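Numbering (the numbering used here), first residue to last: 1 to 214. I have placed the structure first, in the form of structure tokens, so that the comments after it can refer back to it.
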């Protein structure tokens, strides 16, 4: 398998482990059980390494486990996991609508991840998957959300700003809206004044606005 995306560590760590290599000695029936159980229980790179090992050692045809891979993708909470599972399913020529539906339902995991979103859109475009970007917040929508948060006493007028995962993004006092207008915003959330003050003390007295941009 030759994939274009990059993982910054050895892919076959498990291949050097005696117990992992022991899989080769299992009879077919037990190997099937191990593969199904591993797909269900392993996560993230552990699962990727395991699947790659099975494929490269030609221990099984992963297409026979298409159903399990789809089920795993439906419950996945990791961008990296969604990405490589999509790759496996695409290579297996899985019906595109299945992959499209799962990725669309899980946009909150990968589309808001600034590190992974470009990789997903590249994969989507290269394989002509029918997935559209989430709507961008308009200026009017930004105003409405911030005004509602302040009116409902969820936030003060100058909350801390978490922009794309960075807790302390600075902006000019009383100019939060104007600052946000510069971005293509995909998501706006908040940490309440009460909860934020427990974490950040006085600096969190106005709460925290959480913003993810495209």
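Glycine included, each C-beta is placed from N, C-alpha and C at the ideal position. Keep in mind it's a predicted model, so treat the numbers as computed, not measured.
In the structure shown, the three-state DSSP call for residue 185 is strand.
Cβ-Cβ separation between residue 214 and residue 181: approximately 14 Å, too far for a contact (criterion under 8 Å). Scanning the segment 55-140 from its first residue to its last, the whole alpha helix (DSSP H) runs of 4-plus residues come out as 66-75, 79-91, 96-105, 107-110 and 117-126. Excluding sequence positions up to five before and after residue 143, its CB lies within less than 8 Å of the CB of 177, all in the same chain and listed in chain order.
For residue 162, there is no enclosing alpha helix (DSSP H); the enclosing beta strand (DSSP E) has its first and last residue at 160-163. When DSSP reads this structure, residue 210 sits in a beta bridge with 162 and 189. When secondary structure is reduced to three states using DSSP, residue 49 falls in the helix class.
Cβ contact annotation for residue 74 (same chain, cutoff 7 Å, sequence separation greater than five): 102, in chain order. Look at residue 37 here: in three-state DSSP terms it is helix.
Of all C-beta pairs linking the segment 89-105 to the segment 61-70, three or more are shorter than 8 Å, placing the two stretches in contact. Between the alpha carbons of residue 125 and residue 133 lies a gap of roughly 12 Å. Less than 7 Å divides the Cβ of residue 80 from the Cβ of residue 44.
Pairwise C-beta distances place the segment 105-119 out of contact with the segment 142-158, as fewer than three of them are shorter than 8 Å. DSSP places residue 156 in the coil class of the three-state scheme, outside both helix and strand.
Between residue 188 and residue 41, the alpha-carbon positions lie close to 33 Å from each other.
Under the three-state reduction of DSSP, residue 194 is assigned to helix. One Cα belongs to residue 130, the other to residue 104, and the distance between them is close to 9 Å. A distance below 6 Å between beta-carbons, with the five flanking residues on each side excluded, links residue 39 to the following residues of its chain, in chain order: 68 and 72.
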